[in-house]
Amino acid sequence: MKLYKLLFLIPVFLFASCDLDREPYGTSNFWNTEADVQLGLDAAYAPFYEEEGFGRGHWWVGAASDDMVINRSKGDDEALTEFRTTTNASGGQFDNWKLMYKVIRRTNDVMKHAPLVEMSDKSRDVMLGEANFVCAFAYFHLAKRYGGLPFYDWQHPEEINKPRETKTETYKRIEAYLKESIKHFENQSLWTRDKDATGRPNLGAAYGLLAKVYAHWGKYTEAKAMAEKVINSGKYSLDKTNNNGFAHLFSPAGEKHEEVLFNLTNAPVRNQGTVTSVILLSGTLSGGTGWYYFAPTKSLFNAFAPNDTRRLVTLKGAGDDVHFLGKTTTLTNDMIKDMTTGYMGTKYSAAYNDLSGWNWESGADVPLLRYADVLLIHAEAEIFLAGGGASNRTLGVPAAAASFNEVRVRAFGGDVTKAIAAPTFNDLVNERRCELAYEDERHYDLVRWGLAKEVYAAATVATDPRGPRTFDPTKDAHFPIPQREIENTDYLLVNNPADGYSNFK
């Protein structure tokens, strides 16, 4: 069965939780069979599907970038994304924090019980590979946002109120989870998954996520090596269907392509998917009502070169055609008048074209890790290892060309004249922006490259209605820890900024 079908078979007790979801379940008749462990593992995915998981929870930080703005008034979140506060009173960010720790607790339970239950070696390896990967993914999601984190360890369940670990120790732990995942997946040579497990992680996902972790850590030799594990496997490729592969990938027909290494598989049925699609759409569209929480910026629009096929997939404005509920409409300004930037995000909206009626859950899958990202991490590693980077932005690096141009040429319908023989750091910065818009990357990229202060200060109201913003690399490198969680721990959690917790040492 697909994951979205399994979610509703999970015992209710698995969903009981407190803030860090660390309480004992209090059951004596579970964790006895392979089926029990499988249900426990399925439960670990469930928080990702919630509204403040990857329904919209990842975009509260996405709006800190220059790609999108908060389109509906959310004072606490606006203060955070405009870097005007060191107190995190955001309800959405607190909910996202809690959801990720639910994932962490549930994957730890699988790690604890899977070795003790009778099952085949293959089943055990697959479950432990998944559990370690998903645990690492949740921690990395939080580490990008907050830096050093408190850790839950099933081997020490009595430690339920722990201080944050340093950012360096946090990354070491994430690295360890991913290496453990790789070990189990390697035991079964699990490069691809069966149809019934579509979207679940495999070796490409584990190596790919580890490559990204190393890039964020500044360990480019290791990032390159892990990315090459994925590339050289020969198991993955970009979607290039009909020379319009990017559009195909973000459509119901292509969303399960091998390019997607880790995917939230959805169904267009109420409460069986995420609300990702509806979050970005205008509320004045005919035939439905989007929630218009976020609006893409003119700055993002300007990042796309003419004929870049990704632009019309990613965002649309007046004069662009929108396919919606079986009809094609040319947008006017009046049709999207609730979008403060004049643009509407459409990257996840293609599923609505196949629906006969309005539904909050369109059924669109949400890719959480793509092969294109891994290719660009590889190109980034080559550029940095050759001496390029924020301090040497125009150095051309031929070694980065192959992986970089796989992504770039696809964006122009296979036009090889668009290839760049020696990509520079500047080329990489823009390519990642256009390829990965709304995918929880842009703000973190700018911060880790040391560009956030410069880029945000250079904005104008013509390209971003917020105008220039003041980003302090010391104060704003990570968001403050949710205030309610600090209070829940009786102020045991040190808030950001904090030396060693919001920077590597």
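This note's numbering numbers the first residue of the sequence shown as 21 and each following residue consecutively. By construction, the Cβ of each residue, glycine as well, lies at the ideal position given by its N, Cα and C atoms.
- Around the C-beta of D216, fewer than 16 other C-beta atoms lie within 10 Å, and the residue is accordingly described as exposed.
- If the five residues before and after E72 are omitted, its C-beta is found closer than 7 Å to the C-beta atoms of G112, D115, N116 and L119, all from its own chain and listed in chain order.
- The three-state secondary structure of L100, taken from DSSP, is helix.
- In this model, R144 and Y197 are separated by some 16 Å (Cα to Cα).
- Uninterrupted beta strand (DSSP E) stretches at least 3 residues long and entirely within the region 286-351 occur at 314-316, 335-337, 341-344 and 347-350, given in chain order.
- Per DSSP, the unbroken beta strand (DSSP E) holding N283 starts and ends at V280 to L284.
- Secondary structure at P387: strand, using DSSP grouped into helix, strand and coil.
- Every unbroken stretch of the alpha helix (DSSP H) spanning 4 or more residues and falling wholly within the region 95-158 is given here in chain order: 95-101 and 111-133.
- Per DSSP, the continuous beta strand (DSSP E) segment holding Y363 begins and ends at Y363 to G365.
- The beta carbon of T334 sits closer than 8 Å to the beta carbons of P316, L320, F324, G365, T366, K367, C454, A457 and Y458 from its chain, once the five residues preceding and following it are set aside; these are given in chain order.
- For I90, there is no enclosing alpha helix (DSSP H); the residue is part of the beta strand (DSSP E) that begins and ends at M88 to I90.
- When the five nearest sequence neighbours on each side are left out, the beta carbons in the same chain lying within less than 8 Å of the beta carbon of N91 are those of Y312, Y313, F314, A315, D358, M359, T360 and T361, in order along the chain.
- Taking C-beta separations shorter than 6 Å and ignoring five residues to either side along the sequence, the partners of Y256 in its chain run G224, E278 and Y391, following chain order.
- Here T483 has T317, K318, S319 and N322 as same chain residues with Cβ atoms under 7 Å from its own Cβ, once five neighbours each way along the sequence are excluded.
- S411 is classed as exposed because its beta carbon has fewer than 16 other beta carbons within 10 Å across all chains shown.
- Fewer than three Cβ pairs drawn from the region 415-422 and the region 91-104 lie within less than 8 Å of each other, which leaves the two stretches out of contact.
- Contact between the region 384-400 and the region 286-303 is established, with three or more Cβ pairs separated by less than 8 Å.
- Boundaries of the alpha helix (DSSP H) around F445: F445 to E455.
- The DSSP-derived three-state label of P67 is helix.
- Inclusion of A371 and P502 in the CB contact set at 8 Å is not warranted, their separation being larger than that value.
- For T218, there is no enclosing alpha helix (DSSP H), since its DSSP letter is neither H nor E.
- One thing to note: F499 has its Cβ within 8 Å of the Cβ of N108.
- Nearest to L395 by C-alpha distance, out of K244, K199 and A63, is K244.
- Spatial neighbours of D374 in its own chain (CB-CB distance under 6 Å, excluding positions within 5 residues in sequence) are listed in chain order as P272.
- For G228, the three-state secondary structure derived from DSSP is helix.
- In the pairwise beta carbon analysis, the region 176-188 is classified as not touching the region 146-162: fewer than three pairs are separated by under 8 Å.
- Taken atom to atom, the span from the alpha-carbon of D259 to that of F270 is near 10 Å.
- The beta carbon of Q208 sits closer than 6 Å to those of K142 and D145, all from its chain and outside the five residues before and after it, given in chain order.
- Residue pairing by DSSP puts G409 in a beta bridge opposite N412.
- Beta-bridge partners of P502 (DSSP): N108.
- F445 is the residue among T509, F445, A431 and D393 whose C-alpha sits nearest the C-alpha of P418.
- DSSP places H78 in the coil class of the three-state scheme, outside both helix and strand.
- At the C-beta level, D87 and S110 stay beyond 8 Å of one another.
- For R184, no alpha helix (DSSP H) encloses it, and the DSSP letter there is neither H nor E.
- The C-beta of L512 has fewer than 16 other C-beta atoms within 10 Å across all chains shown, which makes the residue exposed.
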